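See structure below.
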Amino acid sequence: MFAGHALLALALAGLLARRRGLAPERALAVAVVAGLFAATPDVDVVYAPVGLALSGSGPSLDAFWAASSVTHRAVTHSL
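When we follow our numbering, the leftmost residue of the sequence shown carries the number 967, and every step to the right adds one.
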């Protein structure tokens, strides 16, 4: 999922930068920065281990995603 976000951001930022008249090297730099930024995890994925530890439900993939869903749906999607 993160790779898809990064590739889409890289392509769109590069295309937009070139259409706005930036030199190819500058457009590539803008695209790479956008791709790297898009590859960083969402806040909810960073928060999920904390939520998982506080929930007391034990380590499992289902519990991890359940802990992140609360934050993801309530905070990051509303932003």
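Glycine included, each C-beta is placed from N, C-alpha and C at the ideal position. Note that the coordinates shown come from a computational prediction; the quantities given were computed from them, not determined experimentally.
query	result
Buried versus exposed call for residue 1060 [16 or more other C-beta atoms within 10 Å across all chains shown]	With the chain covering only 967 through 1045, there is no way to say anything about residue 1060.
Local conformation of residue 987 per DSSP, three classes	coil
DSSP state of residue 1015 mapped onto helix, strand, coil	helix
Identity of the residue in 1000, 1015, 1032 nearest residue 982 by Cα	1000
Through-space distance from residue 980 to residue 987, alpha-carbon basis	11 Å
Check whether residue 995 and residue 972 have beta carbons under 7 Å apart	no
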